[in-house]
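Note that our numbering has the sequence shown beginning at 30, numbered continuously upward.
Ideal Cβ positions, reconstructed from N, Cα and C, are used throughout, including at glycine.
Treat the numbers as computed from the prediction; the structure is a model and nothing was measured.
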Amino acid sequence: MPLVRNRLDCCICIEEQTQDAVCALLDVFGSIQNAHRNELVIPCASFHSCSFEQSERPRLYANHQGGYRVRCPFCSHNIASEFSKSVHKWRNGGDFLMTCSTCKERFPLSNAQGSPPFAFSRAAIILHDVELAEVGDCWHARFIEEMGSYQAIFRRVG
30 MPLVRNRLDC
40 CICIEEQTQD
50 AVCALLDVFG
60 SIQNAHRNEL
70 VIPCASFHSC
80 SFEQSERPRL
90 YANHQGGYRV
100 RCPFCSHNIA
110 SEFSKSVHKW
120 RNGGDFLMTC
130 STCKERFPLS
140 NAQGSPPFAF
150 SRAAIILHDV
160 ELAEVGDCWH
170 ARFIEEMGSY
180 QAIFRRVG
């Protein structure tokens with residue numbers, strides 16, 4: 030029987046993997062910490078704590094509990110098994126590319142379509158134990174204004 034996961038985290042990931050985008054994300058992190066300390070409106074209604082992660086190489090942010098579907102961005106074929114193998118190869122020094130076994134198109138791992146969504150990012154804000162699985166309109170607008178495009182990835186943790 031699968032374990033029940035009682036905590037939901039929100040990972041705010043940058044889509045543009047530049048140093049400027051990482052710096053913008055770090056500034057937003059400071060704003061979120063400030064709002065949390067001063068009991069102002071915060072993303073996801075409320076959260077227990079927040080942290081900032083940064084690495085030289087992109088990391089995969091995803092809901093690893095219960096699995097996910099992965100589809101080819103060209104033909105929509107289910108490529109979950111191939112994706113998993115390609116991520117494993119990439120983590121061991123291989124290319125950040127994969128080929129769909131159905132349509133034979135080659136594309137970056139980050140272009141695969143995940144359900145629930147996932148993201149590859151060099152930096153992320155992690156909101157631990159969020160109340161709601163949504164960012165909220167005012168923070169969404171602020172993220173767009175300060176960072177450009179971003180992805181909010183929700184993951185169950187136990």
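For the candidate residues the options, whose alpha-carbon lies nearest to that of residue i?
{"i": "L54", "options": "R36, R185, V186, Y179", "result": "Y179"}
{"i": "H76", "options": "V164, M176, E174, I173", "result": "It should be pointed out that residue 76 corresponds to Phe in this sequence rather than to His. Of the candidates V164, M176, E174, I173, the one whose C-alpha sits nearest the C-alpha of F76 is V164."}
{"i": "E134", "options": "L161, S110, C101, I155", "result": "C101"}
{"i": "A162", "options": "M127, N67, F183", "result": "F183"}
{"i": "N92", "options": "N67, D56, L69, P146", "result": "P146"}
{"i": "P137", "options": "V70, Q48, W119, D166", "result": "W119"}
{"i": "A153", "options": "E68, N67, R66, E85", "result": "E85"}
Could you tell me how far apart the beta carbons of residue i and residue j are, in whole angstroms, since I believe they sit closer than 8 Å?
{"i": "I43", "j": "S150", "result": "6 Å"}
{"i": "I41", "j": "A170", "result": "About 14 Å separates the two Cβ atoms, so there is no contact after all."}
{"i": "Q46", "j": "P72", "result": "About 22 Å; that fails the 8 Å criterion."}
{"i": "M176", "j": "A64", "result": "Rounded, the Cβ-Cβ distance is 16 Å, inconsistent with contact."}
{"i": "S144", "j": "Y97", "result": "6 Å"}
Quick check: the Cα distance between residue i and residue j, rounded to an integer number of angstroms?
{"i": "M30", "j": "G95", "result": "Because the pLDDT at M30 is just 43, under 50, the model does not fix this residue reliably, and the value given afterwards should be weighed accordingly. Roughly 12 Å between the two C-alpha positions."}
{"i": "G59", "j": "N35", "result": "27 Å"}
{"i": "S139", "j": "A148", "result": "7 Å"}
{"i": "D158", "j": "Q83", "result": "20 Å"}
{"i": "N121", "j": "S113", "result": "13 Å"}
{"i": "H117", "j": "L37", "result": "25 Å"}
{"i": "I123", "j": "E111", "result": "In the sequence on display, residue 123 carries Gly and not Ile. Computed Cα separation, rounded: 14 Å."}
{"i": "Q48", "j": "L156", "result": "22 Å"}
What first and last residue would you give for the alpha helix (DSSP H) that runs through residue i?
{"i": "E174", "result": "166–176"}
Starting from residue i, trace the beta strand (DSSP E) in both directions and tell me its first and last residue.
{"i": "A141", "result": "A141 -> no beta strand (DSSP E), and no H or E assigned at all."}
{"i": "A148", "result": "148–157"}
{"i": "A181", "result": "179–186"}
Original post:
Enumerated in chain order, which unbroken segments of the alpha helix (DSSP H) with a length of 4 residues or greater are wholly contained in the stretch 92–134?
Top reply: 109–120
**Request:** Note down, one range per segment and in chain order, each alpha helix (DSSP H) of at least 4 residues found wholly within the stretch 32–79.
**Result:** Listed in chain order, the complete alpha helix (DSSP H) runs (minimum 4 residues) inside the stretch 32–79 are 48–66.
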